[in-house]
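Trainee:
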Amino acid sequence: MPIQNTDIAAVFNKVADLLEIQGANPFRVRAYRNAARTVSSLPRNVTDMIDSGGDLTELAGIGKDLAGKIKEIVETGSLKQLTEIERETPSELDALMKIAGMGPKRVKALHQELGVTDLEGLKAAAEAGEIQQLDGFGEKTQQTILEDLQKKVGKDTRIKLLEAEQRAGPLVANLKKTKGIKEIIVAGSYRRRKETVGDLDVLVTCKKGAKVMERFVGYEDVVKVVSQGKTRSTVVLRSGLQVDLRVVPQASYGAALHYFTGSKSHNIAVRKIGVKKGFKINEYGVFKDGERVAGKTEEEVYGKVGLPFIEPELREDQGEVEAARADALPELVRVEDIRGDLHVHTKETDGHHSLEEMAEAAKDRGYIYLAVTDHSKKVSMARGLNAKRLARQINAIDRLNEKLDGIRLLKGIELDILEDGSLDLPDDILKELDLRVCSVHYNRNLSQERQTERILRAMDNPYFNILAHPTGRLINERDPYDLELERVMEGALERGCYLEINAHPDRLDLSDRYSRMAKEMGLKLAVSTDAHSTTDLDFMRFGLDQARRGWLEPDDVLNTRDWKALKNLLKRR
DNA sequence: GCCGTTTTCGGCCCGACTGTTTTCAGTCG
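Numbered according to my numbering, the first sequence spans residues 9 to 581.
1. At the level of alpha carbons, what is the spacing between D442 and A263?
2. Looking at C-beta atoms only, is the number of pairs between the segment 408-423 and the segment 372-387 that lie closer than 8 Å three or more?
3. How is the alpha helix (DSSP H) around S197 delimited, first residue to last?
4. May I ask you to report which of helix, strand or coil DSSP gives F472?
5. Which residues does DSSP list as the beta-bridge partners of F295?
6. May I ask which residues mark the beginning and end of the beta strand (DSSP E) holding N510?
7. Could you give the distance in angstroms between the alpha-carbon of K159 and the alpha-carbon of Q250?
8. Enumerate, from N- to C-terminal direction, the unbroken alpha helix (DSSP H) stretches of 4 or more residues contained entirely within the segment 129-189.
9. Starting from the Cα of D570, find the closest Cα among A367, D345, D432, Q30 and give me that residue.
10. Grab me the residues of D15's own chain with a C-beta within less than 6 Å of its C-beta, minus the 5 sequence neighbours each way, in chain order.
11. Starting from the Cα of H353, find the closest Cα among E440, L393, K386, V341 and give me that residue.
12. Among A17, N33, K131, which one has its Cα closest to the Cα of T55?
13. Where does G162 land, buried or exposed, given buried means 16+ other C-beta within 10 angstroms?
14. Answer yes or no: do I509 and Q554 have a C-beta to C-beta separation smaller than 9 Å?
15. Entirely within the segment 390-426 and at least 3 residues each: give me those beta strand (DSSP E) ranges in chain order.
16. On the DSSP letters alone, give me the boundaries of the beta strand (DSSP E) that T213 sits inside.
17. Look at G429 and I463 and say whether their C-beta atoms are less than 9 Å apart.
18. If you count every other CB in all the chains shown that lies within 10 Å of the CB of S455, and 16 or more means buried, which is it?
19. Assign I192 to one of three DSSP states: helix, strand, or coil.
20. What would DSSP say about D490, mapped onto helix, strand or coil?
21. On the premise that E324 lies in contact with S271, defined as a C-beta separation below 8 Å, what is that separation, rounded to the nearest angstrom?
22. Take L118 as the anchor and find which of D143, A108, R95, E94 has the nearest alpha-carbon.
23. Please return the same chain residues whose Cβ sits closer than 7 Å to the Cβ of G71, not counting the five positions on each side in sequence.
24. So, under 8 Å CB-CB, E364 and L408 are touching, yes? Tell me the CB distance rounded to an integer number of Å.
25. Along the chain, which unbroken stretches of the alpha helix (DSSP H) at least 4 residues long are found entirely within the segment 314-351?
26. Please classify S99: does DSSP put it in a helix, a strand, or coil?
27. Just the C-alpha distance for P257 and I318, rounded to the nearest angstrom, thanks.
28. Buried or exposed: where does T46 fall if 16 or more other Cβ atoms within 10 Å of its Cβ makes it buried?
29. Look at the alpha carbon of R36 and the alpha carbon of K77, and state the distance between them as a whole number of angstroms.
30. When you compare the CB positions of A395 and I437, do they come within less than 9 Å of one another, or not?
31. Where D372 and V341 are concerned, what is the direct C-alpha to C-alpha distance, given to the nearest angstrom?
32. Looking only at C-alpha atoms, which of Y227, K202, K238, G206 sits nearest to T213?
33. Are the segment 91-111 and the segment 127-146 touching by the rule of at least three beta carbon pairs closer than 8 Å?
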């Protein structure tokens, strides 16, 4: 398999960690970290970019030197510089940096004073009580190290957005009971709607912070108070989720919200512009010559540095600041723009509700159409439909549509793409349908070439409309299958097919960056829930979160249109 | 190591909390 972007990022992050432990110039260290971030968030494989003669120095934070190093990694699979660094600083020391309270200075001390080279050595030294003897270390630090080592074993630290909502809800409701609270909001990657959340950043405005803090650390789910102060406290919940609470005065609300929403690199980009204009921006406001000149709202903060408001979903330092300066920010699609759902199941296969129940639920959500796309026969686990049963469902939908008012059921199917790229129902029944979504369920581990060809071949079928959950990944559970998505997208564009953003919070497939890649290629996407019950229809907003993170506007999303316009778009070229 | 409508050299975001200290370094976000 060719070198992947994450491989390159891993090498750069390792170089950064080890250089930092060696005490190298911190800005040089940051350059490697920035480069790792840039590379890992690229939608295209760097290997392909090099093959097609692309200039890597055009990427943010990649200069001549790092471009050369990327090339070296792609061509040789490794980096000489890293090997040299590892001669002086053991390779596994970077793992120590992930332990709570451990930074480069302490790792260096542990290595030099105690000869610790890896996590096992760290554990042994802690258990032997050697760590607390060192200058700058104490009993408490040694204890923290042991506890964290215990916890870290095989733990996935980022949780899915839906779980984050479920944990945040009751916590926020509880804090709200405190007297004197004005604003309370969960900021951080939660507010930016990232597909997974590492911790919760709760922001509160309040005259007296002490009462809120008291309630916060006393919350029934708290198992550990990591730190507690007047303006900031950190706790760990029973679930292992870390929560930070920050209290600021009302006049600083906008500045604090901006600050704690991040991302870090977005904030840095905005602050840099501020510095050029003579402002200092921190969580308390925008300051000029020590005087606060803005900070009550986020709009004010952006306004001071000459920028329009930037939606939280865009704040990743992926071009949004430049777009804001050029007054070229996208008008992001909103959940209210959605006119219908294009991928749902009924109890005819593995769903839980009838055609009528699904139709009514869709109508309740303000939709004007709902595509019924039950499984096809290959998916036997779900009692997939054969041609005969599908014909019966088509009849049932026709009859029901005569009765329904204000909502139209579209006749559809979720076809299985077989290993050879054929679809698992014959064309003469497919032609009776309004639309067909197609997906891979089996033979997930083909080579990239074969998997890509398989899907392109399926798209050659004139009844192929939308590729559902295009990469097949399940967040934190199952990796995507090996696929050259850019070719698939090009193939879809050529043939008049589309891809889906599957809104199910376990999938979110396409992801944000692939959605953005589609947008940049001019490929429209469907945002669909894959609902198996009436309540699943509410997953739509998670799909919209990712669509917005991918810079999508209403026109970029198929199902923002009425049925007539949608039908037109579905016509194959 | 990157980068440039003040700069190709000299900058590079900034404050809170903890633990180990006796005024602060290190870590974190």
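All residues carry an ideal CB built from backbone N, CA and C; glycine is no exception.
Mentor: Based on what the coordinates show:
1. Along the first sequence, one-based indexing puts residue 442 at 434. Along the first sequence, one-based indexing puts residue 263 at 255. Using only the alpha carbons, I get a separation of about 50 Å.
2. yes
3. As a working note, residue 197 is residue 189 in the first sequence. Where S197 is concerned, the enclosing alpha helix (DSSP H) stretches over 196-199.
4. Position 464 of the first sequence, counting from 1, holds the residue named residue 472. Of the three classes helix, strand and coil, the one that applies to F472 here is coil, per DSSP.
5. One-based indexing of the first sequence puts residue 295 at position 287. F295 is bridged to K288, R300.
6. As a position in the first sequence, residue 510 is number 502, starting the count at 1. Start and end: 506-510.
7. Position 151 of the first sequence, counting from 1, holds the residue named residue 159. Position 242 of the first sequence, counting from 1, holds the residue named residue 250. C-alpha separation (whole angstroms): 13 Å.
8. 147-160, 169-184
9. Counting from one through the first sequence, the residue named residue 570 turns up at place 562. Nearest of A367, D345, D432, Q30 to D570, Cα basis: D345.
10. Looking up residue 15 in the first sequence gives position 7. Around D15: no qualifying Cβ.
11. The sequence position of residue 353 within the first sequence is 345, counting from 1. Of the listed residues, the one whose Cα sits closest to H353 is L393.
12. Translated into the one-based positions of the first sequence, residue 55 becomes position 47. Closest by alpha carbon: A17.
13. Taking the first sequence and counting its residues from 1, the one referred to as residue 162 is at position 154. Low local confidence applies: a pLDDT of 49 at G162 is under 50, so the model's placement there is unreliable, with the coordinate-based value given in what follows. Exposed, since its Cβ has fewer than 16 Cβ neighbours within 10 Å.
14. Translated into the one-based positions of the first sequence, residue 509 becomes position 501. Translated into the one-based positions of the first sequence, residue 554 becomes position 546. Result yes, Cβ atoms of I509 and Q554 sit closer than 9 Å.
15. 416-424
16. The count along the first sequence starts at 1 and reaches residue 213 at position 205. Where T213 is concerned, the enclosing beta strand (DSSP E) stretches over 207-214.
17. Here residue 429 refers to the residue found at position 421 of the first sequence. Here residue 463 refers to the residue found at position 455 of the first sequence. Against a cut-off of 9 Å, the Cβ pair of I463 and G429 comes out as a contact.
18. Here the question's residue 455 lines up with position 447 in the first sequence. By the 10 Å Cβ count, S455 comes out exposed.
19. For the purposes of this step, residue 192 is identified with residue 184 of the first sequence, where counting begins at 1. It is a strand residue.
20. Residue numbering aside, residue 490 sits at position 482 when the first sequence is read from its first letter. The answer is coil: DSSP assigns D490 none of H, G, I, E or B.
21. The residue labelled residue 271 in the question sits at position 263 within the first sequence. The residue labelled residue 324 in the question sits at position 316 within the first sequence. About 5 Å separates the two Cβ atoms, so the contact holds.
22. Sequence index remark: in the first sequence, residue 118 carries index 110 (1-based). Closest by alpha carbon: D143.
23. As a first step, residue 71 is located in the first sequence; it is residue number 63 there, counting from the start. For G71, where only same-chain residues beyond five positions count, the Cβ hits under 7 Å are T65.
24. As a working note, residue 364 is residue 356 in the first sequence. As a working note, residue 408 is residue 400 in the first sequence. Going by Cβ atoms, the distance from E364 to L408 rounds to 7 Å, so yes, they are a contact pair.
25. 328-333
26. The sequence position of residue 99 within the first sequence is 91, counting from 1. Correct three-state label for S99: coil.
27. Sequence index remark: in the first sequence, residue 257 carries index 249 (1-based). Sequence index remark: in the first sequence, residue 318 carries index 310 (1-based). Cα to Cα, the separation comes out at about 23 Å.
28. For this step, residue 46 is matched to residue 38 along the first sequence. With 16 or more Cβ atoms within 10 Å of its Cβ, T46 is classed as buried.
29. Position 28 of the first sequence holds residue 36. Position 69 of the first sequence holds residue 77. Cα to Cα, the separation comes out at about 14 Å.
30. For this step, residue 395 is matched to residue 387 along the first sequence. For this step, residue 437 is matched to residue 429 along the first sequence. In this structure, I437 lies closer than 9 Å to A395 by Cβ.
31. Numbered from 1 along the first sequence, position 364 holds the residue referred to as residue 372. Numbered from 1 along the first sequence, position 333 holds the residue referred to as residue 341. In a straight line, the C-alpha of D372 is about 21 Å away from that of V341.
32. As a working mapping, residue 213 is identified with position 205 in the first sequence. Looking at the Cα atoms, K238 is the closest of the given residues.
33. Output reads yes: the segment 127-146 touches the segment 91-111.
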